[in-house]
Amino acid sequence: MELEPGLFLYSGYFDRSAQTVLRDTIRKIVDAAPLFQPTMPKTGKPLSVKMSNCGSLGWVADKAGYRYQDVHPVTGEPWPQMPSQLLDLWSTVAVDAPKPQACLINYYQPNAKMGLHQDRDEAVFTAPVVSLSLGDECQFRIGTTQRNGPTKSFKLTSGDVLVMSGESRLAFHGVDRIFPGTSTLLKAPGRINLTLRRVTA
Ligand code: MD3
Ligand code: FE
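Going by my numbering, the letters in the sequence shown line up with residues 534 to 734, in that order.
And the structure:
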């Protein structure tokens with residue numbers, strides 16, 4: 534369903550058995566490309582979310598700024614390949630867009646959150662952003678293209694897919710809170726969000 538212009542929620546897109554396969558795939562990816570602690574540019578203050586990536590490019594954040602790069606910031610190795618389940622998801626929900634280059638893996642422990650921000654580190658904004666939630670539920674917030682615009686919040690549940698296109702592509706958004714213990718998919722309370730993006734034209 535279309536929650537806002539250009540913002541599509543596919544509630545329960547992945548059933549439990551598909552979520553289990555994805556969870557195990559992500560475990561193998563983070564074994565090869567361990568979660569790292571991103572920080573705010575300039576201040577170096579750690580974000581509460583831990584991250585990794587797969588695909589040809591990965592999003593990183595450190596004192597020098599936010600950017601996409603082709604190697605892990607700690608190991609220096611190329612990112613693991615994008616798994617086929619995620620390529621299939623993209624072809625289904627982002628039919629006209631060129632292939633995704635980056636899959637950001639965000640890991641939220643129960644107290645983690647993500648402040649309101651825009652995703653604008655990509656060279657082009659024509660492709661949608663596709664996100665998939667696994668594990669505990671969260672409260673997700675989305676506003677307008679202006680920081681002080683009105684916002685609405687929604688719950689995202691394990692297996693949900695969210696697609697941000699058109700006028701939602703540059704909307705401010707964030708994660709207010711995690712609801713620990715609402716899913717049994719992960720071995721510890723917390724949430725994983727996968728965000729697929731096209732970075733270059
Ligand atoms: C709406 N992640 O990694 S995913 C991010 O749940 C990020 O981890 C959140 O925001 C998370 O940048 C939200 C949903 C999402 C992703 C990108 C968007 C919503 C968006 C871009 C534009 C509008
Ligand atoms: Fe974002």
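Quick reminder that beta carbons are idealized off the backbone N, C-alpha and C, glycines included.
| Query | Result |
| --- | --- |
| Would you kindly report the start and end of the unbroken alpha helix (DSSP H) that includes Trp623? | 617–626 |
| Starting from Cys681, follow its DSSP beta bridges and name the residues at the other end. | The displayed chain sequence assigns Asn, not Cys, to residue 681. For Asn681, which the question treats as bridged, DSSP gives no partner whatsoever. |
| Hey, would you say the C-beta of Asp652 is under 7 Å away from at least one heavy atom of the ligand FE? | yes |
| Is it buried or exposed, Glu535, if we count other Cβ atoms within 10 angstroms and call 16 or more buried? | exposed |
| For the ligand FE, I want to know if His706 counts as a neighbour, meaning its beta carbon is within less than 7 Å of at least one of the ligand's heavy atoms. | yes |
| Quick one: what does DSSP say Asp564 is sitting in, helix, strand or coil? | helix |
| Spatial neighbours of Pro722 within its chain, please: C-beta separation below 7 Å, excluding the five flanking residues on both sides. | Pro643, Asp669, Pro713, Gly714 |
| Which class does Arg731 belong to by DSSP, given the choice of helix, strand or coil? | coil |
| Could you give the first and the last residue of the continuous beta strand (DSSP E) run that contains Tyr543? | 540–543 |
| Skipping 5 residues on each side, what residues in its chain have a beta carbon closer than 7 Å to that of Pro579? | Gln570, Thr572 |
| Nearest to Ala551 by alpha carbon, out of Gly692, Gly699, Glu700? | Gly692 |
| Using DSSP with H/G/I as helix, E/B as strand and the rest coil, what is Thr558? | helix |
| For Pro616 versus Asp603, is the C-beta distance shorter than 8 Å? | no |
| Identify whether Glu700 lies in helix, strand or coil by the three-state DSSP scheme. | helix |
| What residue range is occupied by the uninterrupted beta strand (DSSP E) comprising Phe705? | Unbroken run through Phe705: none, as it is neither H nor E. |
| Quick check: the Cα distance between Thr728 and Trp592, rounded to an integer number of angstroms? | 10 Å |
| Straight-line CA distance for Asp654 to Ala594? | 11 Å |
| The ligand MD3 heavy atoms versus the CB of Arg702: any closer than 7 Å? | yes |
| Find the nearest neighbour of Lys688 within the set Asp548, Ile711, Pro606, Ala565, judged by alpha-carbon distance. | Ile711 |
| Would you tell me roughly how many angstroms separate the C-alpha atoms of Pro567 and Gly539, rounded to the nearest one? | 33 Å |
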